[in-house]
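Colleague: One structure follows; several queries about it will come next.
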Amino acid sequence: MDHIDRLLLSELQQDATQSYAALGQAVGLSAGSAHERVRKLRERGVIRRTAAEVDPAAVGGGVLAFVTIDSTSWMGEAGESFAAIPEILEAHIVAGSASVLVKVRTATTEQLQDVLRRLYAIDGVGGTQATVVLETFFERPVSPLTSGQG
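When the count follows the working numbering, it moves up by one through the sequence shown with no breaks and lands on 151 for the last residue.
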């Protein structure tokens, strides 16, 4: 991946709906060349998907929590169990005192409590600790301009 590919990725992260002509102009390519490079980035799996960014609070996801999960056994095969809970946006096996870290969005703290109950029902889950987010300063996507360089 070269610098032009990284510029294309950065532009697409800002506005994935822009035309290939506008995209090409922003990075110094023709529309056709921009289209071809984006197609190749998709084929290689660099661009995994194109999606709309939705305000979580506007669609009933105003409560954000990070939950650490203690386990009684290896949780490496539990990914599908976590994925079956739609309020879980991300699940990661982690190093440290916990085994798994999940990111959860719900409308209310009562719904968060229900998610915690469902987590306890997963084989191997021994305990949870939830940290509720009061305010988010910022969230940012992976930067193609600075990632992997150095």
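Even for Gly, the Cβ is constructed at its ideal location relative to N, Cα and C.
Would Val103 and Ile89 qualify as a contact pair, given that the criterion is a beta-carbon distance under 7 Å?
Modeller: Yes, these two residues count as a Cβ contact at 7 Å.
Colleague: Do Leu9 and Arg152 come within 7 Å of each other at the CB atom, strictly closer than that value?
Modeller: Residue 152 lies beyond the stretch modelled for the chain, which goes from 2 to 151, so this question has no answer here.
Colleague: Rank Ile5, Gly127, Ala108 by C-alpha distance to the C-alpha of Ala59 and give the top, closest one.
Modeller: Here the closest residue by C-alpha is Ala108.
Colleague: Phe83: buried (16+ other C-beta within 10 angstroms of its C-beta) or exposed?
Modeller: Classification of Phe83: buried, given that the 10 Å Cβ count is 16 or more.
Colleague: Pair every Cβ in the segment 61-74 with every Cβ in the segment 16-29, then say whether three or more of these pairs are closer than 8 Å.
Modeller: Contact between the segment 61-74 and the segment 16-29 is absent, because fewer than three Cβ pairs lie under 8 Å.
Colleague: Which same chain residues, not among the five before or five after Ala35, have their C-beta less than 6 Å away from its C-beta?
Modeller: Same-chain partners within the cutoff: Tyr21, Leu24, Gly25.
Colleague: How is Gly33 classed by DSSP in three states: helix, strand or coil?
Modeller: The answer is helix: DSSP assigns Gly33 an H, G or I state.
Colleague: Give me the DSSP bridge partner(s) of Leu128.
Modeller: The question names Leu, but residue 128 in the sequence shown is Gly. BP columns for Gly128 point to Asp71.
Colleague: What does the alpha-carbon distance come out to for the pair Thr73 and Gly128?
Modeller: Cα to Cα, the separation comes out at about 9 Å.
Colleague: Using CA coordinates, which residue listed in Ser144, Glu111, Gly125, Ala17 is at the minimum distance from Val133?
Modeller: Val133 has its Cα closest to that of Glu111, out of Ser144, Glu111, Gly125, Ala17.
Colleague: Between which residues of its own chain and Gly125 is the CB-CB distance below 7 Å, once the five residues before and five after are set aside?
Modeller: Around Gly125: Ser72, Thr73, Ser74, Met76, Ala79.
Colleague: To which residues does DSSP link Lys41 through a beta bridge?
Modeller: Bridge partners of Lys41: none, in fact.
Colleague: So, at 8 Å on beta carbons, what are the nonlocal neighbours of Leu65 in its own chain, with the 5 sequence-adjacent residues on each side left out?
Modeller: Excluding sequence neighbours, Leu65 sits near Pro57, Lys104, Val105, Arg106, Val133, Val134, Thr137.
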